[in-house]
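One structure is given here, and the rest of the page talks about it.
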């Protein structure tokens with residue numbers, strides 16, 4: 004790899020020349036498809052990138068200490084995906100050109116090195132020949148309107164602002180006066196315009212690119228990460244939903260229930276909340292540790308484990324015996340007489356997913372897992388605990404792909420439920436995929 008990098012950049016290269024060299028090196032002279040994937044390019048040149056919660060940085064490139072070290076790029080998680088892509092391309096430039104520097108952070112002030120990287124990013128994501136060809140599709144009398152610029156920006160996966168500036172100042176083909184361009188960009192409000200036109204405000208394909216080349220490595224052992232996940236999710240989340248005990252009381256009850264099971268003094272209906280918390284914790288202990296083969300039938304075991312400390316545990320892990328209504332849902336659950344058979348139908352998709360886990364990209368795997376998860380919520384197979392059981396099953400599937408467990412905090416649950424509703428009403432899983440990918444990134448940031 005070092006030899007390849009040395010051949011890519013020479014001192015007299017312009018940003019455009021270096022960007023063209025990169026695309027030629029990767030594509031062998033073929034016309035690139037758009038949107039160009041800067042995350043994949045980083046991985047192909049040996050970079051590991053991680054999303055980070057920076058306050059005043061867009062990104063940073065950390066130079067490897069020696070030939071055995073891995074170059075690392077940090078990208079600000081709080082930014083829009085179009086800006087994150089630009090940052091990825093910017094930091095790729097530092098890897099190709101400036102890797103002898105100790106670190107290359109992107110701040111608001113720019114020197115010559117940073118300006119070169121910014122120009123490289125624009126040239127890489129909006130290659131001249133291809134950009135002009137696409138712009139020509141939206142030109143009228145040789146000029147592109149702001150509406151046309153919005154469509155071009157969407158196709159190249161760049162921000163509206165960067166596209167407008169390239170049209171105006173690099174190629175001089177933007178309609179209207181340039182003097183008040185910043186004001187025109189601000190007043191245009193591209194996100195509102197996208198929504199009005201029925202376009203996604205955040206292109207899901209760009210997010211899929213970001214996750215498909217992501218390295219979900221843990222700075223702590225995976226089992227410790229799951230332990231931290233379990234504590235935060237099981238205890239804090241359940242306490243937010245009505246459990247008002249302090250930590251010492253919780254610890255005492257948990258210990259007694261685990262030691263004595265149904266003989267525990269706490270195995271009573273008045274302790275139902277804490278009983279379910281303990282069962283929930285035990286359920287995730289199993290999901291983390293088990294080497295059992297994952298099949299749809301294991302969903303029954305998960306529901307049984309959830310209620311294993313309840314006064315009548317034998318009622319759990321069985322499909323319901325009546326029809327129920329899910330409050331707020333925009334669908335009818337499967338008739339109780341068909342619930343078991345509908346679950347059985349999911350065995351083939353589960354088998355296929357487990358068989359192809361290593362072949363599928365991360366986003367493809369997650370999308371198929373979410374379709375299974377969503378169908379379970381529609382079947383609603385159990386009398387109680389359907390949501391918790393189905394989400395545990397989802398996390399088990401994610402574990403099989405080497406992905407971190409996820410949960411949606413109270414502030415994020417609304418997005419999750421709306422995404423489920425969209426899948427219910429339209430059969431559209433892309434919003435569910437979007438919120439799940441975002442949560443995967445948030446989870447690894449919180450745990451690493």
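In my numbering, the protein residues as written are 4 to 451. Just so you know, even glycine gets a beta-carbon here, dropped at the ideal spot from N, CA and C.
Quiz item: Looking at residue 323 and residue 384, is the spacing between their C-beta atoms short of 8 Å?
Solution: It is a contact, given that the beta carbons lie within the stated cut-off.
Quiz prompt | Buried or exposed by the 16-neighbour rule on C-beta atoms within 10 Å, applied to residue 266 | solution = Counting C-beta atoms within 10 angstroms of its own C-beta, residue 266 has fewer than 16 neighbours from the protein chains shown and is therefore classed as exposed.
Quiz item: In whole angstroms, what separates the C-alpha of residue 407 from that of residue 173?
Solution: Distance between the alpha carbons of residue 407 and residue 173: 43 Å.
Quiz item: Exposed or buried, what is residue 175 when buried is set at 16 or more other beta-carbons lying within 10 Å of its beta-carbon?
Solution: Taking all protein chains in view, the Cβ of residue 175 is surrounded by fewer than 16 other Cβ atoms within 10 Å, so the residue is classified as exposed.
Quiz item: Cα separation between residue 137 and residue 155?
Solution: Each residue's alpha carbon lies about 7 Å from the other.
Self-check item: Three-state secondary structure (DSSP) of residue 401
Solution: Residue 401 falls in the helix class under three-state DSSP.
Quiz item: What's the C-alpha gap between residue 163 and residue 127?
Solution: One C-alpha to the other measures close to 16 Å.
Quiz prompt | Euclidean distance between Cα positions of residue 338 and residue 326 | solution = Residue 338 and residue 326: Cα-Cα distance of roughly 6 Å.
Practice problem: Report buried or exposed for residue 195, applying the criterion of at least 16 other Cβ atoms within 10 angstroms of its Cβ. | Solution: Per the 10 Å Cβ criterion, exposed.
Exercise. Determine, using beta-carbon pairs with one atom in the segment 143-161 and one in the segment 181-199, whether at least three such pairs fall under 8 Å.
Key: They touch, by the three-pair rule.
Quiz item: From residue 209 to residue 160, what does the alpha carbon distance come to, in whole angstroms?
Solution: Distance from the CA of residue 209 to the CA of residue 160, rounded to the nearest whole angstrom, comes to 7 Å.
Self-check item: Inter-residue Cα distance where the pair is residue 436 and residue 403
Solution: In this structure, the straight-line span from the alpha carbon of residue 436 to that of residue 403 is close to 18 Å.
Quiz prompt | residue 78 - containing beta strand (DSSP E), residue span | solution = Per DSSP, residue 78 belongs to the beta strand (DSSP E) from 75-79.
Quiz prompt | Run of the beta strand (DSSP E) containing residue 63, from where it starts to where it stops | solution = Counting along the chain, residue 63 sits inside the beta strand (DSSP E) bounded by residues 62-65.
Quiz prompt | C-beta contact flag for residue 80 and residue 54 at 8 Å | solution = Cβ distance < 8 Å, so residue 80 and residue 54 count as in contact.
Practice problem: To the nearest angstrom, report how far apart residue 365 and residue 443 are at their CA atoms. | Solution: Straight-line Cα distance between these residues: approximately 11 Å.
Quiz prompt | residue 98 and residue 48 closer than 8 Å at C-beta | solution = In contact: residue 98 and residue 48 (Cβ atoms closer than 8 Å).
Quiz item: Are the beta-carbon atoms belonging to residue 220 and residue 270 less than 8 Å from one another?
Solution: Contact: no.
Practice problem: Specify, as a first and last residue, the run of the alpha helix (DSSP H) that residue 45 falls within. | Solution: DSSP places residue 45 inside the alpha helix (DSSP H), whose first and last residues are 41-47.
Exercise. Closer than 7 Å by C-beta to residue 62: which residues in its own chain qualify, once you throw out the five before and the five after it? Chain order, please.
Key: The beta carbon of residue 62 is closer than 7 Å to those of 76, 77, 78, 79, 90, 93, 94, 109 in its chain, skipping five residues each way along the sequence.
Quiz item: Looking only at C-alpha atoms, which of 275, 86, 342, 376 sits nearest to residue 352?
Solution: Ranking 275, 86, 342, 376 by Cα distance to residue 352 puts 376 first.
Practice problem: In the DSSP assignment, find the unbroken beta strand (DSSP E) run with residue 53 in it and report its ends. | Solution: 51-55 is the extent of the beta strand (DSSP E) around residue 53.
Quiz item: On the premise that residue 74 lies in contact with residue 118, defined as a C-beta separation below 8 Å, what is that separation, rounded to the nearest angstrom?
Solution: Cβ-Cβ separation between residue 118 and residue 74: approximately 22 Å, too far for a contact (criterion under 8 Å).
Self-check item: Three-state secondary structure (DSSP) of residue 146
Solution: DSSP places residue 146 in the strand class (E or B) of the three-state scheme.
Quiz prompt | Classification of residue 258 by the beta-carbon crowding that lies within 10 angstroms, buried from 16 upward | solution = Only exposed fits residue 258, as fewer than 16 other CB atoms lie within 10 angstroms of its CB.
Quiz item: Could you give the residue range of the alpha helix (DSSP H) that holds residue 357?
Solution: 350-358 is the span of the alpha helix (DSSP H), which, as asked, contains residue 357.
Practice problem: Look up residue 177 in the DSSP assignment and give the residues it is bridged to. | Solution: DSSP lists 147 as the bridge partner or partners of residue 177.
Quiz item: Cα-Cα, which of 145, 282, 422 is closest to residue 391?
Solution: It is 282.
Quiz item: How long is the line joining the alpha carbons of residue 387 and residue 306, rounded to whole angstroms?
Solution: Looking at the two C-alpha atoms, the distance is approximately 8 Å.
Practice problem: Answer with buried or exposed for residue 38, where buried requires no fewer than 16 other C-beta atoms within 10 angstroms of its C-beta. | Solution: With 16 or more Cβ atoms within 10 Å of its Cβ, residue 38 is classed as buried.
Quiz item: Does DSSP classify residue 112 as helix, strand or coil?
Solution: Because the pLDDT at residue 112 is just 49, under 50, the model does not fix this residue reliably, and the point stays unresolved.
Quiz item: Does the Cβ-Cβ distance between residue 357 and residue 56 come in under 8 Å?
Solution: Their beta carbons are not under 8 Å apart, which means residue 357 does not touch residue 56 by this criterion.
Quiz item: Looking at the structure shown, is residue 242 part of a helix, part of a strand, or coil, going by DSSP?
Solution: Unreliable positioning characterises residue 242 in this predicted model, as indicated by a pLDDT of 49, which lies under 50. The coordinate reading is nonetheless provided below. Helix, per DSSP.
Self-check item: Length of the line joining the Cα atoms of residue 205 and residue 411
Solution: So the two alpha carbons sit approximately 20 Å from each other.
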